[in-house]
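Engineer: If you're matching positions, the sequence shown starts at 3 in the working numbering and goes up one per residue. Just so it is clear, CB atoms sit at the ideal spot from N, CA and C, and this is done for glycine as well. Take a look at the following structure, please.
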Amino acid sequence: MEIVDEKVVSWAEAKKILEKKSKEKELGYEQKNALDHLKKFSKLSIKNEENIIESLKKIDKLKDRQIILLVNTLPETQEDVKILFSNEVINLSEDESKKVVSVIKKFS
3 MEIVDEKVVS WAEAKKILEK KSKEKELGYE QKNALDHLKK FSKLSIKNEE NIIESLKKID
63 KLKDRQIILL VNTLPETQED VKILFSNEVI NLSEDESKKV VSVIKKFS
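Laid out in structure tokens, this is it:
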């Protein structure tokens, strides 16, 4: 199998993709497990995820991969954001961390 394209997607988007595929054909073992996991742990609707993503894109330092990480984990405090970014090259300021938390609380 050849990989043509690669894109980071949120849990809600992955769930939507797998649900669509399950209607078209039988899912493989890993895909079924992934769909079960996403049904249990994906907390946001596609609409709310899109709102969060659009709001977080306004923070220039954040890349798409980091935005999806924030959407999937939904950090509740600035400390949670700090932990998520502990292995990242960028450091968010206190104001940027506050903005991340407020955006997530607003739409989740």
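Taking the alpha helix (DSSP H) that N89 falls in, what are its first and last residues?
Structural biologist: First-last for N89: undefined, no H or E at that position.
Engineer: Would the beta-carbon of T79 fall within 8 Å of that of V105?
Structural biologist: no
Engineer: Judging by CA-CA distance, which residue of I85, F109, K25, I19 is the nearest neighbour of A36?
Structural biologist: I19
Engineer: How long is the line joining the alpha carbons of I48 and K42, rounded to whole angstroms?
Structural biologist: 15 Å
Engineer: What do you get for K17, buried or exposed, if any count of 16 or more other CB atoms within 10 angstroms of its CB means buried?
Structural biologist: By the Cβ neighbour-count rule, K17 is buried, with 16 or more other Cβ atoms within 10 Å of its own.
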